Ligand code: ADP
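In our numbering, the protein residues as written are 26 to 505.
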């Protein structure tokens, strides 16, 4: 899967940085310079229109328009004003004819200036022309008796005065471009630094999805991405273990089934090659074949039970009297114990222990332990079932005075197909699956199994089952 550049996390980080740093800076500087410029223009327009009114007041007599001598005197004043105020003054009569111009360029011409026409029609106006940077302000010249007799037009260029603001704008822009470049370089490094662990995990995940379960990611430092890398490595480790366990399981199953199958094959071939052998011999061979088939059936049934437990077999939870369950179980196994002259005992530390369990499955799980206890205890030994409980759990302990299990083997006996003494166990008919089934069942019910044993002295298995069944409890808590 290849990402488009704009879908990459690096671009998203870059874009976010831009949004929080560069864009506000751009908006701030643009707004500042704009508002400075428009405030300055507003003030200039207002000042010039005041000066226009003041100039118009100075020439508000009909005689100015008509008499040269009066005009010459006032024009001298207007020249002074124009020099001081750095603006040009033009005086128009009521026909828009330019009577005087402090720049002496337009005098004697009729000019149609919109601001002048507006003033002549009674409304003074002042306008800034951004293209030329010039402000025009016109005010009506009003004679007391004759009304509007002309207009004064003041013209001022604010281009040069605006220049420092433009300079500031240009400096800000340069500053922003430099900042943008610096931020971009910084972000490229930061995002590489931030995203590298993620990319490492990503490439490990890809390798894993290609079937390479050895893939691991390099984890440095301590942040969320590193934690994710760590979690990924742990997950990969577990997957690899699960894969190994599955392979081992499949090879164990094949191996276990191969032994009786080879025996059947040999026996069947012998029967076929025996020509005219006595009937007794045929019967004996067929009996051997039958017992190998029985053994295969045991293994297959045990496997099916185990797979059912692991795959979340339907579970019928109901309150069950565990004291009664233990007594029933004991009665069922009594003939087996008697055959070996084993003393099968029942002890009740607490009566009336009732728990929410799947009674059939739990009974099978405890039977496996008791059958083992009988199987691995010599003639005349003792096997005892003890039922106890507290306000949260029920405890069923099966102890024997048998051969015991070495410390090294105590955790292994719950592994599928694990048998301490392979040859001996084949003779006793064990499949190596009994305790694995017990363990899976107990886990499924939210409990645990504890084993205490000493070689030559005997073993004691304690199954703990919560009195209340809870579906949400994690089921992989292992052994106590
Ligand atoms: P099996 O069907 O072979 O008995 P289990 O899973 O029930 O398989 O037991 C695994 C192995 O643990 C047995 O092969 C045996 O060696 C050992 N084992 C189980 N229970 C006992 C016990 N009570 N005393 C001694 N060894 C035991």
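Even for Gly, the Cβ is constructed at its ideal location relative to N, Cα and C.
If you're wondering where the values come from, they're calculated on a predicted model, not measured in any experiment.
Item, Value
"Going by alpha carbons, who is nearest to residue 106 out of 90, 88, 128?", "128"
"Any heavy atom of ligand 1 closer than 7 Å to the Cβ of residue 398?", "yes"
"Assuming residue 348 and residue 412 make a contact with CB atoms under 8 Å, what is their CB distance in whole Å?", "5 Å"
"Indicate the three-state DSSP secondary structure (helix, strand or coil) for residue 30 in the structure shown.", "helix"
"Looking only at its own chain, which residues have a Cβ that is under 8 Å from the Cβ of residue 50, when we skip the five neighbours before and after it?", "201, 204"
"Using the Cα positions of residue 67 and residue 166, report the straight-line distance between them to the nearest angstrom.", "24 Å"
"Given a cut-off of 8 Å on the beta-carbon distance, is the pair residue 390 and residue 463 in contact?", "yes"
"Given this structure, state the Cα-to-Cα distance separating residue 255 from residue 467, to the nearest angstrom.", "31 Å"
"Just checking my contact of residue 74 with residue 162 at CB under 8 Å: how many whole Å lie between their CB atoms?", "4 Å"
"I want to check one thing, is the minimum distance from the CB of residue 475 to the heavy atoms of ligand 1 below 7 Å?", "no"
"Please state whether the Cβ-Cβ distance between residue 152 and residue 140 is less than 8 Å.", "yes"
"With hydrogens ignored, establish whether the beta-carbon of residue 461 is closer than 7 Å to any heavy atom of ligand 1.", "yes"
"Count the other C-beta atoms from every protein chain shown that fall within 10 angstroms of the C-beta of residue 90, then say buried if there are 16 or more, exposed otherwise.", "buried"
"Between residue 483 and residue 425, how many whole angstroms is the CB-CB distance? I'm expecting something under 8 Å.", "5 Å"
"Beta strand (DSSP E) containing residue 407: first to last residue?", "407 to 414"
"Go through its chain and collect everything with a Cβ distance to residue 369's Cβ below 7 Å, but skip five positions before and after it.", "355, 358, 359, 362, 408"
"Helix, strand or coil, according to DSSP, for residue 220 in the structure here?", "helix"
"Just to confirm before moving on: does the CB-CB distance between residue 485 and residue 422 stay below 8 Å?", "yes"
"To the nearest angstrom, report how far apart residue 493 and residue 346 are at their CA atoms.", "13 Å"
"Residue ranges of each beta strand (DSSP E) run of no fewer than 3 residues wholly in the stretch 132 to 217, ordered along the chain?", "150 to 154, 159 to 168, 172 to 182"
"Taking only the alpha-carbon atoms, compute the straight-line gap between residue 282 and residue 326 and give it to the nearest angstrom.", "12 Å"
"Alpha carbons only, please: which of 275, 269, 438, 248 is nearest the one belonging to residue 477?", "438"
"Verify the contact flag: residue 331, CB atom, against every heavy atom of ligand 1, threshold strictly below 7 Å.", "no"
"From the beta carbon of residue 144, is the nearest beta carbon of chain D less than 8 Å away?", "The chain inventory of the structure shown lacks chain D, comprising one protein chain alone."
"For residue 36, which residues of its own chain have a beta-carbon under 7 Å away from its beta-carbon, when the five flanking residues on both sides are left out?", "30"
"For residue 62, which residues of its own chain have a beta-carbon under 6 Å away from its beta-carbon, when the five flanking residues on both sides are left out?", "190"
"Measure the alpha-carbon distance for residue 315 versus residue 308 and round it to whole angstroms.", "10 Å"
"Considering only heavy atoms of ligand 1, does any lie closer than 7 Å to the CB of residue 277?", "no"
"On the three-state DSSP scale, how would you describe residue 456?", "coil"
"Would residue 418 pass as a contact of residue 339 if the rule is Cβ separation under 8 Å?", "no"
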